[in-house]
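Remarks on the structure that follows.
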Amino acid sequence: MDERGVSPAVGVVVMVALTVVLAATVGTMVLGSAPPDRGTVVRLSASADAGTDRVSVTHEGGGSIDIGALDVTIAVDGKSLDHQPPVPFFAATGFASGPTGPFNSRTAGDWTAGETATLELASTNDPLIANGETVTVTVTEGDDVLARIETTAT
1 MDERGVSPAV GVVVMVALTV VLAATVGTMV LGSAPPDRGT VVRLSASADA GTDRVSVTHE
61 GGGSIDIGAL DVTIAVDGKS LDHQPPVPFF AATGFASGPT GPFNSRTAGD WTAGETATLE
121 LASTNDPLIA NGETVTVTVT EGDDVLARIE TTAT
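One point on numbering: in UniProt numbering, the residue at position 135 of the sequence shown is 135, and numbering is uninterrupted.
Below, the structure is given as C-alpha cells:
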C-alpha cells in the first residue's frame, strides 16, 4: 500500500477543520453579543437667574433618572465653577443649603418627567452668574452624557 498521498490529505482535512472551528467561534462572538446599551434617553432644559445665582434643570421627557448615579457640572461663560454640585445634596461647599427637587438629598425616588431641580450658588463659588452670560449644565451618568444644556442668564 502506498502512503505517500496520506500526509497532504490529512493536512488539508486539519486545515479545513481549523477554519470551520475558527469561523464558528467568530460568528458566535459577533452574532451572540448583546446590542450596546444606549443608556438613559432624556430631554432636559435649563434656566439661570443672575439676580439669585440660581440654576434650574427641568426633566422634560424620557426615562426616569437615578439621581444618585448622576454627575452635574456647571460652567459660566466657559469657566467651570470652582465647586461643582455633588447631587443629591443638602449642604455643600459653594452652594446655598437646600436645593429643591431631585437635587435635594431628601427627595425620594428617581427624577421623572415634569420635575425641576434647582440649586443656588453661594458667594464662595466662582464664577457667579451675571446677566447675559452663558450657563452650561452637563448631566452625565457614568461615561454617558445625558444632556449638555446651554442657557443665557436673565
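From the three backbone atoms N, C-alpha and C, an ideal C-beta is built for every residue, glycine too.
Residue pairing by DSSP places Ile149 opposite Val137 in a beta bridge. Looking at the DSSP output, Gly62 sits in a beta bridge with Val42. Per the coordinates, the alpha-carbon of Asp82 lies some 6 Å from the alpha-carbon of Asn125. A straight-line Cα-Cα distance of about 58 Å links Met15 and Trp111.
Pairwise C-beta distances place the region 63-73 in contact with the region 139-150, as three or more of them are shorter than 8 Å.
Asp53 is classed as buried because its beta carbon has at least 16 other beta carbons within 10 Å across all chains shown.
A residue is called buried when at least 16 other Cβ atoms come within 10 angstroms of its Cβ; Ala91 does not meet this threshold and is exposed.
Membership of Leu119 in the beta strand (DSSP E) is indicated by the continuous run 116-120. Annotation: Leu81 is outside any beta strand (DSSP E) and is labelled neither H nor E by DSSP.
Under DSSP, Thr73 takes part in a beta bridge, and its partners are Thr138.
When secondary structure is reduced to three states using DSSP, Ala23 falls in the helix class.
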